[in-house]
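Residue numbers (the UniProt record's numbering): 1 to 320.
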């Protein structure tokens, strides 16, 4: 006996997902086309971009114009300084000006330059290291009155350096340190803003789990700081160092109060003396301008060489 099976009925077509119908003769838009055009972000109005760009141009011109004038004036002779407009080149005399600056008064400018290097480089390195130690301690250790002491340190940011110059002069005169290198180096070791930055960097760069693992391995606290924490804090160290180096290199009022020996002057105070004499001897204008041009070279070199660490350090804590 044969068994018949019912003929298979054709299955119903699958239902199309609901969506906007494409009109005949009108091509549909590709998905994501608008997002690709705008980069996934809302479009910025043209007026806002124009205002922002104009503001950037004005600020850039404001910052670059003095340096441009200094470069142009550093190539001029004394006659061209007074006989030509400020941004117009005269007879190129840059190397002659540099030689005159370097040889004036038996080489006073090289001594001032070396003094500034000593004050800024060694003072900033020592001050940055002390700030890193203090900031790390405020972040990773708990002790009685920690936040009150940290607030007392931050209060130092509110005190201008000019206010502290006279009390420091009186203190240093009692211990016989006035008119010495230490009179300029020691005040630079205290950097309240550097302590604050060091604590922020320690919070963002040094995980507590890493320190606990090092303690479980038997490492002491000093070894943990030097071998574990300090390498992680390298961007923060460079950032604080650059701030401290710039402040120390441009320091003027404290050396003027503390120093009376011309051989101990930094370059800022030496250029000030030349600029003061220039009212009676116009030849000193050329020396002061060329000396100012040479004085900004270390700052440019420091920022160019360390900008990679500096830029990464400024973004600490911005992204978790």
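Ideal Cβ placement from N, Cα and C applies to all residues, glycine included.
Span of the alpha helix (DSSP H) holding residue i?
i: residue 224; result: 221-224
i: residue 124; result: 123-140
i: residue 104; result: Careful: residue 104 lies outside any alpha helix (DSSP H) and carries neither H nor E.
i: residue 109; result: 108-117
i: residue 283; result: 283-295
i: residue 269; result: 267-277
i: residue 154; result: 146-155
Quick check: the Cα distance between residue i and residue j, rounded to an integer number of angstroms?
i: residue 225; j: residue 143; result: 18 Å
i: residue 308; j: residue 193; result: 21 Å
i: residue 123; j: residue 248; result: 8 Å
i: residue 235; j: residue 181; result: 29 Å
i: residue 178; j: residue 170; result: 9 Å
i: residue 259; j: residue 140; result: 40 Å
i: residue 150; j: residue 136; result: 12 Å
i: residue 121; j: residue 129; result: 12 Å
i: residue 87; j: residue 72; result: 6 Å
i: residue 198; j: residue 82; result: 48 Å
i: residue 161; j: residue 241; result: 18 Å
i: residue 214; j: residue 205; result: 16 Å
Can you look up residue i in the DSSP assignment and give me helix, strand or coil?
i: residue 75; result: coil
i: residue 93; result: coil
i: residue 307; result: helix
i: residue 80; result: helix
i: residue 32; result: Residue placement at residue 32 is flagged as unreliable, the pLDDT there being 49, under the threshold of 50; the coordinate-derived value follows with that caveat. Residue state, collapsed to three classes: coil.
i: residue 45; result: coil
i: residue 88; result: coil
i: residue 54; result: helix
i: residue 143; result: coil
i: residue 167; result: helix
i: residue 260; result: coil
i: residue 160; result: coil
Closer than 8 Å by C-beta to residue i: which residues in its own chain qualify, once you throw out the five before and the five after it? Chain order, please.
i: residue 219; result: 227 and 228
i: residue 84; result: 76 and 90
i: residue 212; result: none
Near residue i, what residues of its chain come up, given a Cβ to Cβ distance below 7 Å and the 5 sequence neighbours on each side ignored?
i: residue 347; result: Outside the modelled stretch of the chain, which goes from 1 to 320, sits residue 347, for which no answer is possible.
i: residue 146; result: 138
i: residue 2; result: Because the pLDDT of residue 2 is 42, which lies under 50, any placement of that residue in the model is unreliable, and the number read from its coordinates should be weighed accordingly. Around residue 2: no qualifying Cβ.
i: residue 283; result: 78
i: residue 153; result: 192 and 195
i: residue 210; result: 228
i: residue 80; result: 90 and 91
i: residue 279; result: none
Apart from the five residues just before and just after residue i, which ones in its own chain have a Cβ nearer than 6 Å to its Cβ?
i: residue 188; result: 123, 127 and 248
i: residue 257; result: 165 and 169
Are the C-beta of residue i and some C-beta of chain D separated by less than 8 Å?
i: residue 69; result: Absence of chain D from the displayed structure is noted, only one protein chain being present.
(message) Report the start-end ranges of each beta strand (DSSP E) in the stretch 172-257 that is 3 residues or longer and not cut off at the edges.
(response) none
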